[in-house]
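*Asks:* Structure provided below as structure tokens; questions to follow.
2 protein chains.
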Amino acid sequence: MIKRAKGVTISQVAEAAGVARSSVSRAFTRPDMLSPETVERIMKTAESLGYVPNHTARALSTGRHGNIGLIVPDIANPFFPPMIQAAQLEADRSDFCIFLGNTEENPKQEDKLVGRFASQVEGLVLASPRLSDERIRAHASQLPLVLINRDLDGIPRVLIDSGSGVREAVEHLVKLGHSKIAYVSGPSTSWSNKQRRSAMRSAASSLGIAMETVPAVLPSYKSGRNAVGAILATGATAAVAFDDLTAQGVLAGLAEKRISVPSDFSLIGCDDVLGAVTYPALTSVSNRSMEAGRVAVSLLLDMLQSRAVRDVRYVLETHLVIRETTALQPKNSSESFTARV
Amino acid sequence: MIKRAKGVTISQVAEAAGVARSSVSRAFTRPDMLSPETVERIMKTAESLGYVPNHTARALSTGRHGNIGLIVPDIANPFFPPMIQAAQLEADRSDFCIFLGNTEENPKQEDKLVGRFASQVEGLVLASPRLSDERIRAHASQLPLVLINRDLDGIPRVLIDSGSGVREAVEHLVKLGHSKIAYVSGPSTSWSNKQRRSAMRSAASSLGIAMETVPAVLPSYKSGRNAVGAILATGATAAVAFDDLTAQGVLAGLAEKRISVPSDFSLIGCDDVLGAVTYPALTSVSNRSMEAGRVAVSLLLDMLQSRAVRDVRYVLETHLVIRETTALQPKNSSESFTARV
DNA sequence: GAGTTCCATGCAACCGGTTGCATGTCAAGT
DNA sequence: ACTTGACATGCAACCGGTTGCATGGAACTC
Numbered sequence: 005m006i007k008r009a010k011g012v013t014i015s016q017v018a019e020a021a022g023v024a025r026s027s028v029s030r031a032f033t034r035p036d037m038l039s040p041e042t043v044e045r046i047m048k049t050a051e052s053l054g055y056v057p058n059h060t061a062r063a064l065s066t067g068r069h070g071n072i073g074l075i076v077p078d079i080a081n082p083f084f085p086p087m088i089q090a091a092q093l094e095a096d097r098s099d100f101c102i103f104l105g106n107t108e109e110n111p112k113q114e115d116k117l118v119g120r121f122a123s124q125v126e127g128l129v130l131a132s133p134r135l136s137d138e139r140i141r142a143h144a145s146q147l148p149l150v151l152i153n154r155d156l157d158g159i160p161r162v163l164i165d166s167g168s169g170v171r172e173a174v175e176h177l178v179k180l181g182h183s184k185i186a187y188v189s190g191p192s193t194s195w196s197n198k199q200r201r202s203a204m205r206s207a208a209s210s211l212g213i214a215m216e217t218v219p220a221v222l223p224s225y226k227s228g229r230n231a232v233g234a235i236l237a238t239g240a241t242a243a244v245a246f247d248d249l250t251a252q253g254v255l256a257g258l259a260e261k262r263i264s265v266p267s268d269f270s271l272i273g274c275d276d277v278l279g280a281v282t283y284p285a286l287t288s289v290s291n292r293s294m295e296a297g298r299v300a301v302s303l304l305l306d307m308l309q310s311r312a313v314r315d316v317r318y319v320l321e322t323h324l325v326i327r328e329t330t331a332l333q334p335k336n337s338s339e340s341f342t343a344r345v
Numbered sequence: 005m006i007k008r009a010k011g012v013t014i015s016q017v018a019e020a021a022g023v024a025r026s027s028v029s030r031a032f033t034r035p036d037m038l039s040p041e042t043v044e045r046i047m048k049t050a051e052s053l054g055y056v057p058n059h060t061a062r063a064l065s066t067g068r069h070g071n072i073g074l075i076v077p078d079i080a081n082p083f084f085p086p087m088i089q090a091a092q093l094e095a096d097r098s099d100f101c102i103f104l105g106n107t108e109e110n111p112k113q114e115d116k117l118v119g120r121f122a123s124q125v126e127g128l129v130l131a132s133p134r135l136s137d138e139r140i141r142a143h144a145s146q147l148p149l150v151l152i153n154r155d156l157d158g159i160p161r162v163l164i165d166s167g168s169g170v171r172e173a174v175e176h177l178v179k180l181g182h183s184k185i186a187y188v189s190g191p192s193t194s195w196s197n198k199q200r201r202s203a204m205r206s207a208a209s210s211l212g213i214a215m216e217t218v219p220a221v222l223p224s225y226k227s228g229r230n231a232v233g234a235i236l237a238t239g240a241t242a243a244v245a246f247d248d249l250t251a252q253g254v255l256a257g258l259a260e261k262r263i264s265v266p267s268d269f270s271l272i273g274c275d276d277v278l279g280a281v282t283y284p285a286l287t288s289v290s291n292r293s294m295e296a297g298r299v300a301v302s303l304l305l306d307m308l309q310s311r312a313v314r315d316v317r318y319v320l321e322t323h324l325v326i327r328e329t330t331a332l333q334p335k336n337s338s339e340s341f342t343a344r345v
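In order, the protein sequence lines correspond to chains A and B. Sequence positions in the first sequence follow this note's numbering and run 5 to 345. Sequence positions in the second sequence follow this note's numbering and run 5 to 345.
Laid out in structure tokens, this is it:
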């Protein structure tokens with residue numbers, strides 16, 4: 005049989021210390037109400053008995069569980085783990101535990117998880133939710149909610165603006181002398197993809213350089229690698245990829261064709277999920293998913309504390325993180341590429 | 005102010021349906037005890053009132069929370085997300101929620117999280133715990149526990165046997181002509197690290213080649229990169245790294261020193277978390293972390309159901325996945341390296 | 001020295017369910 | 001017709017805490 009801790013209760017401590025249950029409770033929650041000697045005596049007794057307050061019982065009577073839920077569409081997507089980690093860390097600072105939900109990109113599953121979490125968390129963070137606006141609003145009326153990367157009036161939200169970083173990327177390339185650049189796109193249904201492409205287009209046109217889009221279907225290493233031929237065919241001397249995974253594929257494809265990065269070709273990723281892990285280290289647009297996680301949790305904890313909901317719209321600008329895959333445009337480089345391809 | 009669901013209680017349903025609270029409770033938990041008509045009436049009333057049983061209250065009286073905890077050392081390590089995902093999926097099939105804890109590779113933090121989770125979960129899965137055997141046993145005596153990658157008698161455990169894969173790796177290297185190989189180690193508290201090192205040592209000695217260990221402290225890109233000098237100093241012509249992240253760091257470090265992989269040096273990772281995304285694509289030992297997550301949760305749920313603990317030792321064998329970072333040992337290569345270093 | 005105030009502590013109700021036992025009813029058994 | 005038993009339902013205690021209010025004694029005031 006499973007050996008279970010019999011669970012030292014407040015009553016046992018009370019009896020052992022010769023006080024009422026309420027005093028034990030207060031010793032833990034509001035020691036200022038008791039005389040210092042009593043508190044010390046109770047604490048010692050509790051300690052020696054190995055008493056630990058029962059979270060569940062406390063939650064039942066106070067309505068405060070000390071838990072928050074975090075729901076993400078796909079843990080395996082490298083965008084999320086840092087966010088989860090940061091959220092966890094922030095929650096931990098206030099002694100909150102985190103319920104993690106993975107929706108497998110499925111709105112039904114998301115709905116189900118929210119429901120299941122609802123009665124045991126004080127609040128919820130929904131990251132890149134796939135739910136409809138209505139469902140989200142419905143849930144928000146039931147319990148404190150913070151959104152990440154979803155812009156709904158009246159619900160506190162943290163938004164990562166990749167447009168700003170992409171603009172910097174284009175400026176950076178122009179400064180290095182590039183006059184024709186390519187955008188290796190992501191999934192056509194992705195809001196981020198639209199945002200990035202249009203930011204790139206407007207930056208390119210306002211800076212007076214040419215820009216072409218090369219499709220990569222899926223955001224993946226393979227797509228990136230396959231797109232290399234098409235990228236070079238455009239005659240561009242630099243490219244910005246939808247995300248780091250795609251960029252990494254492009255990097256491999258270029259290496260395969262013996263085109264050196266950055267001396268022959270400059271490359272920039274997005275989301276900075278690979279950190280400095282590629283060789284050469286990838287210049288990328290920061291994603292700030294860690295901050296998003298941290299801020300979202302901190303916002304939620306604020307709401308719980310003040311019992312008030314403010315209409316917060318926290319926008320995280322992104323920036324270019326310059327590493328080693330971007331350099332001055334080589335003279336006549338585009339010709340030599342086309343020849344080699 | 006936060007709009008909160010006022011929370012329909014069992015009493016309200018009871019009154020509305022004209023029955024006792026206990027009947028409402030039974031309608032939900034043991035409908036066979038009530039007449040079908042009563043059940044139906046109660047269910048209808050509950051439905052119309054929007055009643056949802058309160059998880060916390062139920063947990064308090066039954067001691068069953070329907071939650072399990074999963075504690076990992078580092079979410080950001082790509083070894084874990086697939087495991088978490090699989091665990092989540094398995095838990096979900098039995099309507100269990102998952103508490104996620106991230107210990108930041110810190111035993112203190114791990115201890116703290118176990119304590120904090122203990123009173124709100126029915127059981128715990130500890131993945132690659134960094135805690136001492138004693139602490140783990142202490143916790144195991146308090147609540148049902150399943151370990152992943154830690155081999156303690158009497159505590160159910162799921163072990164990913166990287167030994168089998170590492171052995172294959174050594175054989176592979178020997179077949180390619182390498183006669184001196186290095187092991188780039190991971191955290192000293194890691195069971196997997198010990199296992200890999202000893203598998204490597206025994207394989208090397210039985211195949212009659214030399215092997216040296218190079219420490220890398222933490223399993224990370226940076227550690228790997230920093231270890232390159234030491235690796236080359238051993239005179240080895242090939243290395244097996246504790247994990248893929250470390251291997252990727254080594255790869256970058258080698259590239260930096262203009263040592264080509266695999267023509268000048270062969271490298272093998274472990275865990276196969278990077279798939280084929282490095283360049284060159286990393287030869288690695290498969291990890292099976294998804295299966296480990298799934299099996300661990302399923303084991304735990306079994307324990308909870310039967311209230312019995314069996315001494316299960318579930319071993320998952322691994323294999324070498326050959327890609328592009330291993331090749332024939334170049335003649336005299338070790339001399340030339342040492343010179344260059 | 002009597003009245004007042006304050007503070008530490010205890011009492012008991014409550015959070016929202018579950019569950020062992022008692023009760024009442026109705027049909028079957030003799 | 002009377003006992004017996006099965007079955008449906010209610011009562012009340014309990015899970016382990018929290019908290020508003022009552023109480024009693026010490027300290028303080030005049």
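Beta carbons: idealized from backbone N, C-alpha and C, even for Gly.
#1: Within 8 Å, do at least three Cβ pairs link the region 135-153 of chain B to the region 209-220 of chain B?
#2: Counting only the same chain and skipping the five closest in sequence on each side, list residues whose C-beta sits under 6 Å from that of A:L130.
#3: Nearest-angstrom Cα distance between A:G228 and A:K116?
#4: Is the CB-CB distance between B:A231 and B:V188 below 8 Å?
#5: Okay, do the region 78-89 of chain B and the region 73-89 of chain A touch, 3+ Cβ pairs below 8 Å being the bar?
#6: Assuming A:P111 and A:L149 form a contact by the criterion Cβ under 8 Å, report the distance between their Cβ atoms to the nearest whole angstrom.
#7: Step through the CB atoms of chain B and report whether any lies within less than 8 Å of the CB of A:F269.
#8: Does the structure place the region 308-322 of chain A close enough to the region 150-166 of chain A that three or more beta carbon pairs sit under 8 Å?
#9: Looking at B:T49 and B:S27, is the spacing between their C-beta atoms short of 8 Å?
#10: Could you round the C-beta distance between A:I72 and A:E126 to whole angstroms and report it? I think they count as a contact, below 8 Å.
#11: So does the region 60-69 of chain B actually touch the region 60-67 of chain A, counting three or more Cβ pairs closer than 8 Å?
#12: Name the chain B residues that come within less than 8 Å of A:L156, Cβ to Cβ?
#13: Could you give the C-beta distance for B:S288 and B:I272, rounded to a whole number, given that I count them as a contact under 8 Å?
#14: In angstroms with no decimal places, state the Cα-to-Cα distance between B:D157 and B:V301.
#15: If we define contact as Cβ-Cβ less than 8 Å, is A:R30 a contact residue for chain B?
#16: Judging by CA-CA distance, which residue of B:Q113, B:N153 and B:V218 is the nearest neighbour of B:G239?
#17: Considering only the beta carbon of each residue, do B:L258 and B:F269 sit closer than 8 Å?
#18: On a Cα-Cα basis, can you pick out the residue from A:I326, A:L304, A:P133 and A:L332 that is closest to A:L147?
#19: For B:E51, I'd like the list of residues in its chain whose CB is within less than 6 Å of its CB, leaving aside the five on either flank, ordered along the chain.
#20: Sorted by chain position, which residues of the same chain lie with C-beta nearer than 6 Å to B:S224's C-beta, five sequence neighbours on each side aside?
#21: Could you please give the first and the last residue of the uninterrupted beta strand (DSSP E) stretch that includes A:A331?
#22: Report buried or exposed for A:W195, applying the criterion of at least 16 other Cβ atoms within 10 angstroms of its Cβ.
#23: What do you reckon, are the CB atoms on A:Y55 and A:V23 nearer than 8 Å?
#24: Of all the residues that make up the region 103-128 of chain A, which are near chain B by a beta-carbon distance shorter than 7 Å?
#25: Can you list, in chain order, the stretches of the beta strand (DSSP E) that have 3 or more residues and sit fully within the region 179-223 of chain A?
#26: Where B:L278 and B:D247 are concerned, what is the direct C-alpha to C-alpha distance, given to the nearest angstrom?
#27: In terms of residues, what are the limits of the beta strand (DSSP E) holding A:I75?
#28: What residues in the region 69-83 of chain B have a beta carbon less than 9 Å from any beta carbon of chain A?
#29: Alpha carbon to alpha carbon, what distance is there between A:M215 and B:E175?
#30: In chain order, which continuous runs of the beta strand (DSSP E) of length 3 or greater are located wholly inside the region 26-78 of chain B?
#31: What are the residues in the region 288-321 of chain B lying within 8 Å of chain A by C-beta distance?
#32: Let me check one thing: in DSSP terms, what residues is B:A234 bridge-paired to?
#33: Quick one: what does DSSP say A:E138 is sitting in, helix, strand or coil?
*Replies:* In this structure, then:
#1: With the cut-off at 8 Å, the region 209-220 of chain B and the region 135-153 of chain B do not touch.
#2: For A:L130, where only same-chain residues beyond five positions count, the Cβ hits under 6 Å are I75 and L151.
#3: So the alpha carbons of these two residues sit roughly 35 Å apart.
#4: Yes, the Cβ-Cβ distance between B:A231 and B:V188 is below 8 Å.
#5: With a cut-off of 8 Å, the region 73-89 of chain A and the region 78-89 of chain B count as touching, because enough Cβ pairs lie within range.
#6: Contact flag wrong, Cβ pair sits at about 16 Å.
#7: Taking Cβ atoms only, chain B never reaches closer than 8 Å to A:F269, which makes this a no.
#8: The region 150-166 of chain A makes contact with the region 308-322 of chain A; the number of CB pairs closer than 8 Å reaches 3 or more.
#9: Not a contact, by the Cβ cut-off of 8 Å.
#10: Taking C-beta atoms under 8 Å as the contact rule, A:I72 and A:E126 qualify, at a distance of about 6 Å.
#11: Three or more Cβ pairs drawn from the region 60-69 of chain B and the region 60-67 of chain A lie within less than 8 Å of each other, which places the two stretches in contact.
#12: The premise fails here: A:L156 is roughly 15 Å from chain B at the closest Cβ pair, so nothing lies under 8 Å.
#13: Going by Cβ atoms, the distance from B:S288 to B:I272 rounds to 6 Å, so yes, they are a contact pair.
#14: Distance between the alpha carbons of B:D157 and B:V301: 19 Å.
#15: Cβ-Cβ to chain B under 8 Å: no for A:R30.
#16: Per the Cα distances, B:V218.
#17: Between B:L258 and B:F269, the C-beta gap is smaller than 8 Å, which places the two residues in contact.
#18: It is A:L304.
#19: Take B:E51, set aside five residues on each side of it, and no residue of its chain has a beta-carbon closer than 6 Å to its own.
#20: The residues are L249.
#21: Judged by DSSP secondary structure, A:A331 falls outside any beta strand (DSSP E); it is assigned neither H nor E.
#22: Counting every other CB atom within 10 Å of its CB across the protein chains shown gives A:W195 a total below 16, marking it as exposed.
#23: The beta carbons of A:Y55 and A:V23 sit no closer together than 8 Å.
#24: Taking 7 Å as the upper bound on Cβ-Cβ separation, chain B lies near residues F103, L104, N106, R120, F121, S123 and Q124 of the region 103-128 of chain A.
#25: The qualifying runs are 184-188 and 214-218.
#26: Our two residues, B:L278 and B:D247, have alpha carbons roughly 10 Å apart in a direct line.
#27: Here the beta strand (DSSP E) through A:I75 covers N71 to V76.
#28: In summary, the residues of the region 69-83 of chain B whose CB is separated from some CB of chain A by less than 9 Å are H69, G70, N71, G73, L74, D78, I79, A80, N81 and P82, in the order they occur in the chain.
#29: B:E175 and A:M215 have their C-alpha atoms some 51 Å from each other.
#30: Qualifying beta strand (DSSP E) stretches, in chain order: 71-76.
#31: Of all residues in the region 288-321 of chain B, M307, R311, A312 and V313 have a Cβ within less than 8 Å of some Cβ in chain A.
#32: Bridge partners of B:A234: none, in fact.
#33: In the three-state reduction of the DSSP assignment, A:E138 falls in the helix class.
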